[in-house]
Amino acid sequence: MTRHFQWFYAAAALLACCLTTAPAQGQLSVLNTIYGQGVHAYNSHQYDQAYQLFSQAITHGYQDPRAYYFRGFAADAMGRQYEAEADWQAGAELEARGKVNGDIGRSLSRIQGSARLKLEEIRREARVQQLMLGQARSNQRMNEIQAASPAPATPPPAPPVADAPATPPSDQVDPFADDPVADATVESKDVLEGTLDEDPFKTDGNAAAAQPADAPADDNPFGGSDDSNPFGDAGGDDNPFGDMGGDDNPFGDSPF
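Numbered per mature numbering (1 follows the signal peptide of the UniProt record, and there is no 0), the sequence shown spans residues -24 to -1, 1 to 232.
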């Protein structure tokens, strides 16, 4: 036990020396060393020593969520649940803001049980809260920008539109305006009714009976007297060629 305390005091002295003489990068290196020693002490079940080493690194500005997580595990192992959840909450807020120096999942891989489940619940809630906070800030910034921007100029009112001239009444007069409007009626469905009641040839027959036709004068189809015969009376016999003289041989005496 005495050797452990001697090692702790030596680490504290080294840290104080580095913080006063080394630049910021050197300070971070020393803080990483102290954090690593605290992890080894925790894995060795030396929870009180691990708690003191993690507290020393955090007190000197070590902003690594893993230091808070492991100090919380050390406090939980010693039965200090309130301190453990407070450290887990502080580390989850740093992680949600992006303050991560290493692989947190790998560093916590050896931690199991109810304490690890509680830590994961706190980490998840912290991420949700950070998202909501970021959205609220974004909305506030947008509202400030809109409030600072000048209001759009009001456009001038549009000139009044002249009323269209009234259309004069039409000079055309409806000739059927005064006629009474009555419903159309059908006098008869038979368009030929009454047209075929009488004989259409009755009048023509009576006229033909009143004026009898003239009787034919004779049997000559040409009518009239003999003088009207265009051929007259040719006279002579019935031979149309008459008597041409000579004998009946039309060729006379043939030399043959």
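Built from N, CA and C at the ideal position, the CB exists for glycine as well.
Please go through the same chain and pick out, in chain order, the residues whose beta-carbon is closer than 8 Å to the beta-carbon of residue i, but skip the five residues on each side of it.
i    : result
I98  : E61, W64, Q65, A68
R92  : L84
T130 : none
A112 : none
G78  : D40, R42
Starting from the C-beta of residue i, find all residues in its chain whose C-beta is less than 6 Å away, skip the five residues before and the five after it, and write them out in chain order.
i    : result
R103 : A72
Y11  : A33, A43
M54  : Y23
Q106 : A72
Three-state secondary structure (DSSP) at residue i?
i    : result
H36  : coil
K75  : coil
A134 : coil
Q3   : helix
R56  : coil
Relative to the alpha-carbon of residue i, which residue among the options has its alpha-carbon at the smallest distance?
i   : options              : result
R82 : Y45, Q105, A50       : Y45
Y58 : Q28, A124, K94, G110 : K94
G14 : L4, I80, A51, L29    : L29
S20 : D79, Q106, R86, Q122 : R86
L70 : A123, P133, R92, P41 : P41
V76 : S125, Y38, P136      : Y38
E96 : S114, P133, F49      : F49
Looking at the unbroken alpha helix (DSSP H) that takes in residue i, where does it start and where does it end?
i   : result
S83 : 80 to 83
Q22 : Run containing Q22: none; DSSP gives neither H nor E here.
I98 : 90 to 124
R86 : Run containing R86: none; DSSP gives neither H nor E here.
Using a Cβ-Cβ distance cut-off of 8 Å, determine whether residue i contacts chain C.
i    : result
G110 : Within the model displayed, chain C is absent; a lone protein chain is all it includes.
Pull up the CB-CB distance for residue i and residue j, whole angstroms please, since I reckon it's below 8 Å.
i   : j   : result
R47 : S31 : 6 Å
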